[in-house]
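In the numbering used here, the protein residues as written are 1 to 664.
Heads up, the beta-carbon is just placed ideally off N, CA and C, and yes, glycines get one too.
Being a predicted model, the structure only gives us computed values, none of them experimental.
The next block holds one structure in the form of structure tokens; read it before the comments.
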């Protein structure tokens with residue numbers, strides 16, 4: 001038995017629509033005699049029950065593509081063990097495989113170990129494969145290591161993303177460095193099911209490019225591995241082959257078919273290399289470069305955010321910039337007098353006319369132009385999926401999810417209009433769920449809603465706490481900026497509401513403020529309404545002075561000057577983002593219970609039903625808050641944000657997400 005104090009072993013299983021074989025594989029791993037075992041499943045966007053099975057057995061589940069090398073490298077980055085075991089989803093392990101392998105590496109001090117395999121399955125062609133595999137036992141040229149020490153794996157740089165099919169041979173060669181790797185006594189059963197020649201031909205044709213690259217890299221030394229017929233193992237085991245003439249004939253027939261498929265695929269690859277416009281069905285996807293130039297597709301003004309999604313996009317851009325990944329931004333519109341590109345963005349592009357529902361060829365062209373200088377797209381809202389589809393950009397996609405619109409319309413009264421909107425949003429969101437490689441949700445509740453509505457997102461979700469979108473700010477220009485905007489000095493308390501009236505919940509809240517709340521407040525109170533469309537409310541309301549400021553260049557300074565901020569009357573991720581933006585400035589916030597869902601324990605939130613809101617606001621504004629009390633409350637709010645990990649967490653989450661998508 002190995003010394004289990006040597007450390008944790010991380011078993012990494014790669015999957016792709018593997019529901020038929022995965023459970024047996026994971027059960028065999030959970031049944032190992034070596035108890036310090038971490039189980040990680042890395043899926044490649046499966047459409048069957050693979051993820052549900054993985055979540056029942058694995059310690060960690062993640063999703064990445066396009067091929068096994070990227071999956072295995074991600075699994076290694078997520079792993080915490082000092083030994084890494086790479087297993088395919090159609091394998092079943094003897095109970096002593098891990099124990100035997102770790103003990104072997106401890107005794108020999110070698111960097112890796114080979115685990116012998118035996119092919120099992122049904123049908124004549126599978127029996128031919130079993131005979132073939134039996135000839136490879138103990139053959140260094142044909143067996144690759146599956147158990148590595150972490151140090152050896154990292155020193156070799158992991159699996160080569162430019163190789164698909166012989167990537168395990170390649171890594172084993174680089175790690176072994178011409179040494180003979182030890183072999184375990186315990187074995188792996190490789191369940192190949194029922195082999196069908198048509199499927200086998202297509203598979204080998206698809207992998208042809210990988211075999212050619214492997215041959216070019218190792219030249220004659222790799223011929224015995226990459227050539228499916230000319231292998232010395234057959235000559236060494238000629239007696240075994242002679243005892244089974246029918247299976248031997250079938251084996252060489254199958255190997256001849258594989259060689260034909262490799263030549264066919266190599267020829268297609270050569271044609272595609274000359275003419276990049278011609279794409280074959282079985283073309284291996286090219287390895288991407290490390291993510292360094294993200295493109296953020298959003299709506300509204302990011303430079304001057306006046307809504308929850310705009311704040312979220314602006315905050316995300318600032319976090320990415322802080323990691324040295326300043327994004328290019330394509331948005332529906334921009335506001336503000338400063339036309340210069342902000343320091344946290346590489347570029348900002350907007351169409352001449354605001355698109356409707358993302359069905360805009362002009363907006364699609366902007367995305368396509370901006371994508372030429374990008375290696376990742378971050379989508380801030382599913383409404384622009386049609387434009388992204390029209391742009392025909394083939395880059396990794398991260399979906400920054402916000403309100404689940406299909407769930408919203410499911411809750412509404414079933415009118416024909418609502419049913420039509422539900423169908424539209426369901427279609428858009430399903431397209432996004434299939435297309436994206438990773439989705440970011442705010443909070444566990446939102447993530448569970450998305451998984452319930454769209455099962456295609458299972459295994460792709462990254463959850464970020466609500467508070468992670470709030471970045472504490474300190475604006476000393478607040479008073480002077482608000483005085484400039486108003487054209488006068490406020491004569492009393494300042495009440496601030498921020499929201500674009502294009503959003504229905506913001507328009508409802510703004511009208512309620514003007515028609516119901518303002519008349520109940522003293523005339524020395526200034527109600528500042530910031531956001532596109534609020535200028536249309538000029539001249540309405542009595543009582544307190546209502547100042548519809550429209551789109552404001554520096555909305556942060558207006559919030560920082562407020563004695564009290566108002567939350568919208570609805571629920572949703574955008575509303576919560578807005579409330580957190582208020583808290584980040586150290587402001588008090590009044591709102592209804594539905595607006596504060598998921599923000600329990602945050603200091604400075606004052607909650608009351610809608611009918612009691614005027615009395616609550618009047619009471620809060622009637623007595624000036626002492627400066628020392630305000631400072632203590634603001635400090636408590638910032639501490640609450642820090643305790644919930646704030647910007648540090650979203651920075652880590654996005655850094656991890658981008659590392660998952662990087663191919664190094």
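- In the three-state scheme derived from DSSP, where H, G and I count as helix and E and B as strand, residue 344 is classed as coil.
- Annotation: residue 496 to residue 525 spans about 11 angstroms, alpha carbon to alpha carbon.
- If you draw a straight line from the Cα of residue 375 to the Cα of residue 105, it comes to about 40 angstroms.
- Here residue 401 is actually not in contact with residue 371; their C-beta atoms are around 21 angstroms apart, not less than 8 angstroms.
- For residue 10, the enclosing beta strand (DSSP E) begins and ends at 9-15.
- Within the DSSP secondary-structure output, residue 399 pairs in a beta bridge with 379, 439.
- If you draw a 10 Å sphere on the C-beta of residue 238, you find fewer than 16 other C-beta atoms in it, and that means exposed.
- With respect to the C-alpha of residue 555, the residue from 55, 600, 302 having the closest C-alpha is 302.
- Here the segment 506-520 makes contact with the segment 610-620; the two share three or more CB pairs at distances below 8 angstroms.
- About 4 angstroms separates the beta carbons of residue 97 and residue 186, which is inside the 8 angstroms limit, making them a contact pair.
- Boundaries of the beta strand (DSSP E) around residue 148: 145-149.
- Under DSSP, residue 86 shares a beta bridge with 12.
- If you check the CB distance, residue 605 and residue 623 do not come in under 8 angstroms.
- DSSP lists 120 as the bridge partner or partners of residue 191.
- Cβ-Cβ distances below 7 angstroms link residue 603 to 633, 636, 637, 640 in the same chain, with the five nearest sequence neighbours on each side left out; the list follows chain order.
- Taking all protein chains in view, the Cβ of residue 489 is surrounded by fewer than 16 other Cβ atoms within 10 Å, so the residue is classified as exposed.
- Assigned with DSSP and collapsed to three states, residue 386 falls in helix.
- Collapsing the DSSP output to three states places residue 556 in a helix.
- Annotated three-state conformation of residue 38 is strand, per DSSP.
- Sixteen is the threshold: since fewer than 16 other Cβ atoms of the shown chains lie within 10 Å of the Cβ of residue 124, the residue is exposed.
- When Cβ pairs closer than 8 angstroms are counted between the two stretches, the segment 384-400 is seen to touch the segment 359-368, the count reaching three or more.
- As far as DSSP is concerned, residue 323 takes part in no beta bridge.
- The shortest C-alpha to C-alpha distance from residue 42 to any of 421, 82, 178, 86 is the one to 86.
- Straight across, the Cα-Cα distance linking residue 392 with residue 367 is about 9 angstroms.
- Per DSSP, residue 606 is not a residue of any alpha helix (DSSP H); the beta strand (DSSP E) it occupies stretches across 605-607.
- Three or more Cβ pairs closer than 8 angstroms define a contact, and the segment 70-84 meets that threshold against the segment 129-148.
- Between residue 298 and residue 192, the C-beta spacing is not below 8 angstroms.
- Of the other Cβ atoms in all chains shown, fewer than 16 fall within 10 Å of the Cβ of residue 483; this residue is therefore exposed.
- Residue 363: not part of any beta strand (DSSP E); member of the alpha helix (DSSP H) spanning 361-371, first to last residue.
- Residue 188 and residue 207 have their C-alpha atoms some 23 angstroms from each other.
- Taking residue 131 as the centre and dropping the five residues before and after it, the same chain places the C-beta of 240, 241, 244, 247, 248, 251 closer than 8 angstroms to its C-beta, in chain order.
- The C-beta distance from residue 547 to residue 486 rounds to 6 angstroms, short enough to fall under 8 angstroms.
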